[in-house]
Amino acid sequence: MPKRLIVATAMLALAFFAGPVSAQDRDLQDILQEHTEQIADPSRRTVGETLDALVATGHPGLPGFLTRWQSREAWLRNADGLFIYVEDEDADPLVLLDISTGERIGEAGSREVTQLRPNGGVRRVIGSALVQFQLNSDDPEVRLEALEAIADDPEESFLPLVEERLEVEEDPTIRARLEVVRPGLVIAFAEEDAARIAAIETLDGNVSLAARAILNRLLTTRRDVAADVPGDENIARLLVPGSDALPRAEAYDMLVEAELAPPLILRAEQRDVLAANIIDARVGGIPVQSLNTDAARDTAYAALVVDGLADPIPTEAEIAAVLEANVFFDAYREPSQTVTDAARATLDSIEARVGVYRFFDLSLDGISLASIYFLAAIGLAITFGVMGVINMAHGEFIMIGAYTGYVVQTLIADYTLSIAVALPLAFLVTFALGVLMERSVIRWLYHRPLETLLATFGMSIALQQIIRQIFGTQARPFTPPDWLAGAITVNDVVSISSIRIAIFILAAIFFVLLWLILNRTRLGLEVRAVTQNPAMAASMGINPDRINMLTFGLGSGIAGVAGVAIGLFAQVTPDMGANYIVQSFMTVVVGGVGNIFGTLIGSGMIGGLQKAIEWLNPSNTLAAQTYMILFVIVFIQFRPRGIIALKGRAAGD
Amino acid sequence: MSTLLEVQGISVTFDGFRAINNLSFEIGLPELRAIIGPNGAGKTTFMDIVTGKTRPDTGTVRWGDMGHSLLALSEAQIAQEGIGRKFQRPTVFEDQTVRDNLQVALKKPRGPLAAIFDKTSSPERARIAEIAEEIGLPDDLNTLAGILSHGQKQWLEIGMLLAQDPKLLLVDEPAAGMTNEEREHTTALLKRLAESHAVVVVEHDMEFVRRLDCRVTVLHEGSVLAEGSLGHVMADERVVEVYLGR
Amino acid sequence: MSVFSQNRSVPIFIGILILFALGVTVMSEAYGTGSISTSFTKVLGMTLCLCLAALAMDLVWGYCGILSLGHFAFFGLGGYGFGMWLMTARTEAVVRANLAEGVIPATEAEISDATALQIFSVVGAEDWPWMWAASDNLFLTLVLIVAVPGVLALVFGWFAFRSRVTGVYLSILTQAMTLALSLYLFQNDTGLRGNNGLSGLQNIPGAAEIGQDRISIWFFWASAVALGLTYIGAAWLISGKFGNIIRGIRENEQRVRFLGYRVEAYKLFIFTLTGMLCGVAGALYYPQAGIINPDEIAPIASIYLAVWVAIGGRGRLYGAVIGAAVVSLLSTYFTGGRAPDIDLGMFVIDWVDWWPVLLGVGFVLVTLFAPKGLGGLVDYIIRKPSREDRQ
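Residue numbers (this note's numbering), protein chains in the order written: chain G, 108 to 760; chain Z, -4 to 241; chain U, 367 to 757.
This is how it looks when you write it as structure tokens:
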């Protein structure tokens, strides 16, 4: 009995048997006593009636008892005919337990009690009865549990129960599950191929893992070799030795295994045989010290074979001949070819659909990755694009934003509230830091852009180490609230975690906000003026100092907000910023400097591309990153100024 | 006088702004030519196209007796063909001496290996001294270019053009920031050069152009508005309108 | 040689280098008083290699104005190249010794297989990856140490310079290059043992009976010779017209181009040359370090290289050497835990922890207030005339 069913049973006791009040008043023991004989010594034919009678009482303790009875854990005290449980069947004396309360009611020697041992047939009937209770429970959780149990451990008797339930079930999740479990049972137990094929066809278009598992199970094959193609096998395919599917060595090993060919002698075995036949420092007449080439060893071994001291090694020609003389094939374990054909066709059609869904899922992944890159890079795009400043400490601003989130969470217990506080606070903290850095360092270096790169790198090492001093090297927990922790699951292929949706929304908000700031406000106008021609802007009464300060602050502040978002799903460590800095640079460079649309496209391209490469080679994210960077390097060859490039005089080259 | 450079029907657009519009231009060897025109008339862009910095959308640029196209060549190749350019703002290598500046410009093989194993021969030294004399910097050969006056830098840059030994010199505002005396010197220098070279001078300063006393091409909104002697073009109503406003 | 007369720093530098190398030898454990430990000798030898890399960085950045943030990739490639030979030869010797104990003498194929298993079992492989093909040939390895970084620099540079990627963009691109390379090497299936890297490089094949004390001095001298020769070569290279041209490129690329020079060719030349120099430096460095792994070529390493040159003072050869030597030795000193902590009563400054902060802030200060770096200080002290400013 699967454990799960027992758990479900316990729940069921509350859920299903909230039946007639009178039933609860009666003692379980009394009800059972009415059927003592049938319970103590049930037969396959009569137990049905007994169970019907018991079920009719609707007693809440009944499922528990049935479970125990079915798994041979119910006992009868010989003296008074009471049904009891025992604490430990191997103990002596046995400790007896009351079936209703579970309390100890005494002890008994093993001869004073009788274990109820229903036979297999009876146990199946009991099981069906239990499943029937559960499948018709009012609690959908219980129903689902029951279905899982059926799928795990299918029995033919479940089929009518599942079919009955399918007719009345209204919960869509459970209905979907039923629609997979039913054909599963049909396929497993129906005797007519037509029925099984019909069941297979009902699975068409069903992309759930369970449906695919059922079909895949039907299509499992075993590999074998025979002198001729066997007529009684459902052959999946014939294999050619030396092909990708069946390397030559593997094919020969199969022949050896089937005792259709003599074993090969590996070099190592050959050496051992030689070593075992050393006579007077010679093997087969060849001095031992000259056995350091394969040719010499072959000669010595051949001599041993002639003397009958070793098994002959099959020659290439012999190997080729014996491979030629036999057929290798994969055969379905399922004997009926019409069934496997139907399963194959249905599975192919499902896989095609899965491919579409997977593409969709991948696109979602790509979009969410792009959102993260966008958030991480947009601040950089502003400082780099508007001011031409390479801020190597940008990653550290992201990191400080994440730590702000962590600190706020230690102060405010409510996760939702703490994030609401952390977002603006992180902006303020990193805005202030950015302004401080701009005023103290960067403004002195505007005419030496490459040196800002180095100076900000210095800041980045210092900031990282300071944070490490304060918070330690260990990752700090920054936990999303429950409503962000889940995932939206469309089906078994497509799902996306809520936090990624939130990040996407955040990225979208930032995009719109920044667009509005840059295109619809006085500040934006001044920023764009300074970008295009600082000297002219200054002569128009715009204070470039102030603009630079605010712009750098803005870029840094956004990094801080991005840090809060990233901290929710990534590890919050002092060096987390380093993971984003190069990617962010590449996003900005690919997109084109000084344009938030460019950053949007750049992040979309880099995020999408990385996911696409991961799709081609899913096992290796490192490789995906490597190829993505190579792509960026090549891309820059063709668009050195990014996708959206400023042209003409404004480009300032 | 044979045609050295022939520009025909070139146009170029930056982000929708038509900087050069169906411009045609021709200069022979030797000849001195001044190009004038208001701001934004396309003078610098014209030079950018001839020297290969900007590629025109349409049109042809032909060079020399054989009339082969310059459009497919890189800036360096065009320079090696014999087109030298002086920028509007003097661009000399400020942290190198006048001698080094001239030496780098001297006409010799331009490859990296040639540069590594370069030995300055005595005729070259003499040539450098000669150029220094010509541009009025004979005593400053060991001075860092960065500490020269603005006018001296202009001359040094012209000197670097000379050292290149080009056939065509494109000179952008050579008189800017010069004293009167320096201007006279510059005028004389350019006129002397024009005896054996083709020289195109882009200038704002009418007084300077008058002193050059040469054929003048007036550019306006990316195309040629008028061409002829200064007197002739200044008599043209359209030129007056462009210069004095409408 | 005219280089010695033209650039006064050359004879001074070579003199100091020889004195330093002799001094270290005289105080070494193997050949002298033993007052410098073998491990410290290695640190000094490694420092010389870093100086060599910094010299290359100075040529490409200080003189030609290309701020490459990827030159440590070439350094690492040199190290990997030589490391492959060291590891193969050493492992093969061990394997040979083990197999010799068998009754039947081993075949070459068995030795090769067993060596491969020994080296690659750590990443779950047992065959030789293609890139180890030259690892059993010292001569070929020595060629590849220079050729592989050179070819990478050539290909990368050709692409980058051809499309006129300059300034900050080029810096980011070079950074991407080294990141891509380190990520590639981090993968277990790319043939260089993933994050395990190559180890045991301090063991010189065929020199098992020679102690590390002597080997360390040999490598120290090899590093010193490489540094000295490179210094002379670099001084010669920049003293003539070529030097003027690349400094011209640093100052105004467009002007050089309009003078008829193919700027791309010059940049490519200097980029490739310095890439090769870094390869040599790496090949000398890692046998002294004993181990190399992909972390070594993470982008931050190349940034540090730039930092050293900036602190030392770019555009002067001795500046790069001073910067690399001072900063890397100070880092070793402070992060090695040997520096005494400063007790401020309520707060203890622990150098191991606070050194990075000091370094970072110090670096900002140098950039802000001493753009000529420590080399500028040297100029100031010996009051060189302005012409020397650029050498």
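Backbone N, C-alpha and C fix where the C-beta goes; we use that ideal spot for every residue, glycine too.
{"Query": "Measuring alpha carbon to alpha carbon, tell me which of U/Gly445, U/Leu506, U/Val426 ends up nearest U/Leu536.", "Result": "U/Val426"}
{"Query": "With three or more C-beta pairs closer than 8 Å as the rule, is the region 355 to 374 of chain G touching the region 412 to 430 of chain G?", "Result": "yes"}
{"Query": "Return helix, strand or coil for G/Glu376, following the three-state DSSP convention.", "Result": "helix"}
{"Query": "In angstroms with no decimal places, state the Cα-to-Cα distance between U/Thr544 and U/Gly442.", "Result": "10 Å"}
{"Query": "So, is U/Ser548 buried or exposed, given that buried needs 16 or more other C-beta atoms within 10 angstroms?", "Result": "buried"}
{"Query": "Taking any Cβ of chain Z, which residues in the region 592 to 610 of chain U have a Cβ under 8 Å from it, in chain order?", "Result": "Leu603, Gly606, Lys607, Phe608, Asn610"}
{"Query": "At a CB-CB cut-off below 8 Å, which residues of chain U make contact with G/Asp401?", "Result": "Thr473, Ala475"}
{"Query": "DSSP three-state label for G/Ser178, please.", "Result": "coil"}
{"Query": "Go through its chain and collect everything with a Cβ distance to U/Leu510's Cβ below 8 Å, but skip five positions before and after it.", "Result": "Gly447, Ala500"}
{"Query": "If you measure beta-carbon to beta-carbon, which residues of the region 729 to 745 of chain G are closer than 8 Å to chain U?", "Result": "Leu729, Ala730, Gln732, Thr733, Ile736, Leu737, Val739, Ile740, Val741, Ile743, Gln744, Phe745"}
{"Query": "Of all the options G/Met544, G/Pro354, G/Ala483, G/Arg272, which has the alpha carbon lying nearest to the alpha carbon of G/Thr559?", "Result": "G/Met544"}
{"Query": "For the region 86 to 100 of chain Z, which residues have a CB atom closer than 9 Å to at least one CB atom of chain U, in sequence order?", "Result": "Thr86, Val87, Phe88, Glu89, Asp90, Gln91, Thr92, Asp95, Asn96, Gln98, Val99, Ala100"}
{"Query": "Quick check on the DSSP output: the alpha helix (DSSP H) that includes U/Gln578 runs from which residue to which?", "Result": "578 to 605"}
{"Query": "Contact check, U/Thr596 vs U/Leu643 under 8 Å by CB: the rounded distance?", "Result": "6 Å"}
{"Query": "In the DSSP assignment, what are the bridge partners of G/Asp205?", "Result": "G/Ile191"}
{"Query": "Quick one: is G/Pro641 near chain U, going by C-beta distance under 8 Å?", "Result": "no"}
{"Query": "Can you list, in chain order, the residues of its chain whose CB lies under 8 Å from that of U/Gly645, leaving out five sequence neighbours each side?", "Result": "Phe440, Phe441, Leu443, Gly444, Gly447, Ile511, Val512, Val514, Pro515, Gly516"}
{"Query": "Starting from the C-beta of G/Pro247, find all residues in its chain whose C-beta is less than 7 Å away, skip the five residues before and the five after it, and write them out in chain order.", "Result": "Asp278, Ile281"}
{"Query": "For Z/Ala124, tell me which candidate among Z/Leu163, Z/Leu136, Z/Ala109 has the shortest Cα-Cα distance.", "Result": "Z/Leu136"}
{"Query": "Shorter than 8 Å from the beta carbon of U/Asp758 to some beta carbon of chain G?", "Result": "Residue 758 of chain U lies beyond the residue range present for chain U, which begins at 367 and ends at 757; the question has no answer from this structure."}
{"Query": "Taking the alpha-carbon positions, what's the G/Val193 to G/Ser217 distance?", "Result": "11 Å"}
{"Query": "With DSSP collapsed to three states, give me the class of G/Gly749.", "Result": "coil"}
{"Query": "In the DSSP assignment, find the alpha helix (DSSP H) that holds G/Trp722 and state where it starts and stops.", "Result": "703 to 723"}
{"Query": "Rank G/Asn243, G/Arg583, G/Val293 by C-alpha distance to the C-alpha of G/Glu262 and give the top, closest one.", "Result": "G/Val293"}
{"Query": "Looking only at its chain, what residues have a beta carbon closer than 6 Å to the beta carbon of G/Phe504, apart from the 5 residues adjacent to it on each side?", "Result": "Thr537, Ser663, Ala666, Gly667"}
{"Query": "Could you please tell me which residues of the region 511 to 529 of chain G, in chain order, have their CB closer than 9 Å to any CB of chain U?", "Result": "none"}
{"Query": "Determine which residues of the region 562 to 586 of chain G have a Cβ less than 9 Å from any Cβ of chain U, and write them out in chain order.", "Result": "Ala562, Thr563, Phe564, Gly565, Met566, Ser567, Ile568, Ala569, Leu570, Gln571, Gln572, Ile573, Arg575, Gln576"}
{"Query": "Which residue from Z/Ala109, Z/Asp43, Z/Arg120, Z/Asn96 puts its Cα closest to that of Z/Arg150?", "Result": "Per the sequence shown, the amino acid found at residue 150 of chain Z is Trp instead of Arg. Cα-wise, what sits closest to Z/Trp150 is Z/Asn96."}
{"Query": "Mind checking whether G/Tyr464 and G/Asn598 have CB atoms under 8 Å apart?", "Result": "yes"}
{"Query": "Residues of chain U with a CB under 9 Å from the CB of G/Val395: which are they?", "Result": "Val469, Ile470, Pro471"}
{"Query": "So G/Ala615 and G/Ser602 are supposed to be a Cβ contact under 8 Å. How far apart are they, rounded?", "Result": "Actually they are not in contact, since the Cβ atoms of G/Ala615 and G/Ser602 sit about 21 Å apart, beyond 8 Å."}
{"Query": "Run the CB neighbour count on G/Asp760, radius 10 Å, all protein chains shown included, and call it buried at 16 or more, exposed below.", "Result": "Bear in mind that a pLDDT of 36 at G/Asp760, under 50, signals an unreliable position, so the model cannot answer this."}
{"Query": "What three-state label does DSSP hand Z/Ala29 in the structure shown?", "Result": "strand"}
{"Query": "If we call anything under 8 Å between Cβ atoms a contact, is Z/Glu129 one with Z/Gly106?", "Result": "no"}
{"Query": "By a C-beta neighbour count over all protein chains shown, 10 Å radius and 16 as the cutoff for buried, is G/Ser129 buried or exposed?", "Result": "Only weak support is given to the placement of G/Ser129: the predicted model assigns it a pLDDT of 45, under 50, and the question is left unresolved by the model."}
{"Query": "Grab the span of the beta strand (DSSP E) containing G/Ser244 for me, first residue to last.", "Result": "From DSSP, G/Ser244 is part of no beta strand (DSSP E); its letter is neither H nor E."}
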